[in-house]
Amino acid sequence: MALTNRQYDDLIHEYEVKQLARTHLIAERTQEVYEKVDGYKELDESLASLGPTYTKRLLSGEDSASAELHAQIQDIKDMKAHLLKGAGFPADYLNPPYECPDCKDTGFIGSEKCHCFRRKMLSILYSQSNIELLIKDQNFESLDRSYYKGEDLQLFDRAVRICHDFIENFDTKFQNLLFYGDVGVGKSFLSGCVAKELLEAGKSVIYFSANSLFRQLAQNAFDSKSKDVLYSFLEDLYNCDLVIVDDLGTELVNSFVKSEFFSFLTERNLRRKSTIISTNLTFEQITKEYSDRVFSRIYNSFETVKLTGDDIRLLKKSEL
Ligand SMILES: [Zn+2]
916 MALTNRQYDD
926 LIHEYEVKQL
936 ARTHLIAERT
946 QEVYEKVDGY
956 KELDESLASL
966 GPTYTKRLLS
976 GEDSASAELH
986 AQIQDIKDMK
996 AHLLKGAGFP
1006 ADYLNPPYEC
1016 PDCKDTGFIG
1026 SEKCHCFRRK
1036 MLSILYSQSN
1046 IELLIKDQNF
1056 ESLDRSYYKG
1066 EDLQLFDRAV
1076 RICHDFIENF
1086 DTKFQNLLFY
1096 GDVGVGKSFL
1106 SGCVAKELLE
1116 AGKSVIYFSA
1126 NSLFRQLAQN
1136 AFDSKSKDVL
1146 YSFLEDLYNC
1156 DLVIVDDLGT
1166 ELVNSFVKSE
1176 FFSFLTERNL
1186 RRKSTIISTN
1196 LTFEQITKEY
1206 SDRVFSRIYN
1216 SFETVKLTGD
1226 DIRLLKKSEL
């Protein structure tokens, strides 16, 4: 799956606008500092004149010139910082932080796309509007334990702890989660909570209902014209930091789905990329629907998180 030229250009443009806005901001602030801080402008000017002077000395073979130049630059920088601070400006006033320090808001590190750029591409590609809708209401702030009682509550609390661990250790520990239980017990809610936190930490997250995932795979696989499209779709699907497959078991299961699902799990595991699956199916049903090998792959590489309780969607409705 690839961006259209138009989408790609828009994205590049977005980065250009961001860089331009920063340049303008710095120019404005520099002007302000020149006006308010006595001597600052003069220091900048003397900094600018250092280069030509020293180049001449370097060219005429003065070996010490380079070290002297560096020392002098540092002196002037120190004096500038001192003046700025003395006038009550923050230290980074003329060097405001980048949104993404890794690529300095260019979208690229060398010729490679930065993680922030890839994340934006994914969000365009997989109409992350879906996920945005999901995480709007489903995040840890809106977590409500009052819908659970007794053993249901214990399971829910355990699940929340597991989610927090999952997020905290995301960079260092390869983990997969399987949320299983009846309809409306909070499985998608918890997936949404995790997605939100990780997206905010700059991770690439793709969210699919099982139905849409398998439909997309089938569409690409059976359309002979789109092998490249399939290839890049699979690349994203296998390499993205986190894939969430919601409501496994609601799709139509055929032999194609079974084998694709197995490949998907295998490839993600090989790459040590995390996956979260939620399902209403029991373990027996997963085995029956998808085969033993799919079940054992899930059972061996996923932490299973059981949730029970009343259907929260119905409870919420009855409160209205
Ligand atoms: Zn970046």
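Numbering (my numbering), first residue to last: 916 to 1235. From the three backbone atoms N, C-alpha and C, an ideal C-beta is built for every residue, glycine too.
- The DSSP assignment places 1170-1185, 1198-1205, 1207-1216 as complete runs of the alpha helix (DSSP H) inside the stretch 1153-1226, in order along the chain (cut-off: 4 residues).
- With 16 or more other CB atoms across the displayed protein chains lying within 10 angstroms of its CB, residue 1162 is buried.
- Pairing residue 1078 with residue 1105, the inter-Cα distance amounts to about 7 Å.
- Put simply, the backbone Cα of residue 1113 is about 23 Å away from that of residue 1147.
- Rounded to whole angstroms, the gap between the alpha carbons of residue 1076 and residue 1062 is 17 Å.
- Contact annotation: the stretch 1083-1098 touches the stretch 1187-1203, with at least three C-beta pairs closer than 8 Å.
- Every residue with a CB closer than 5 Å to a heavy atom of ligand 1 is listed here in chain order: 1015, 1017, 1018, 1029, 1031.
- In this structure, residue 1097 sits near residue 1223, with a CB-CB distance shorter than 8 Å.
- DSSP lists 1194, 1221 as the bridge partner or partners of residue 1095.
- Bridge partners of residue 1027 according to DSSP: 1024.
- Its Cα nearest to that of residue 1154, the residue 1188 stands out among 934, 1188, 1014.
- Distance from the CA of residue 1160 to the CA of residue 930, rounded to the nearest whole angstrom, comes to 31 Å.
- Look at residue 1119 here: in three-state DSSP terms it is coil, with no helix or strand label.
- With respect to the C-alpha of residue 1208, the residue from 1218, 998, 1199, 1177 having the closest C-alpha is 1177.
- Going by C-alpha positions, residue 1082 is about 7 Å away from residue 1109.
- By the Cβ-count criterion, residue 1212 is buried, with 16 or more other Cβ atoms from all chains shown falling within 10 Å of its own Cβ.
- The stretch 941-960 makes contact with the stretch 989-998; the number of CB pairs closer than 8 Å reaches 3 or more.
- Rounded to whole angstroms, residue 1010 and residue 1149 show a C-alpha spacing of 40 Å.
- Judged by DSSP in its simplified three-state form, residue 1124 adopts strand.
- By the C-beta criterion, the stretch 1166-1180 is judged to be in contact with the stretch 1123-1134, since at least 3 inter-stretch pairs fall below 8 Å.
- The beta carbon of residue 1156 sits closer than 6 Å to those of 1118, 1119, all from its chain and outside the five residues before and after it, given in chain order.
- Burial state of residue 1022 is buried, judged by a 10 Å Cβ sphere holding 16 or more other Cβ atoms.
- From the listed residues 1005, 1069, 963, 1002, the smallest Cα separation to residue 988 is found for 963.
- Its Cα nearest to that of residue 1129, the residue 1145 stands out among 1115, 1145, 1116.
- Around the beta carbon of residue 955, 16 or more other beta carbons sit within 10 angstroms, so the residue counts as buried.
- Relative to the Cα of residue 1204, the nearest Cα in the group 1085, 1086, 1229, 1171 belongs to 1171.
- Here the C-alpha atom of residue 1181 lies approximately 58 Å from the C-alpha atom of residue 947.
- The Cβ neighbour count for residue 1074, taken over all protein chains shown within 10 Å, is at least 16; the residue is labelled buried.
- Membership of residue 1064 in any alpha helix (DSSP H) is not indicated, and neither H nor E is assigned to it by DSSP.
- Taking the C-beta atoms as reference points, residue 1166 is found no nearer than 8 Å to residue 1116.
- The residues 1002, in chain order, have a CB closer than 8 Å to that of residue 951 in the same chain once the five nearest residues on each side in sequence are set aside.
- Rounded to the nearest whole angstrom, the CA to CA distance from residue 1058 to residue 1217 is 24 Å.
- Here the alpha carbons of residue 1151 and residue 927 stand approximately 20 Å from one another.
- Counting the other CB atoms within 10 Å of its CB gives residue 1107 a total of 16 or more, which places it among the buried residues.
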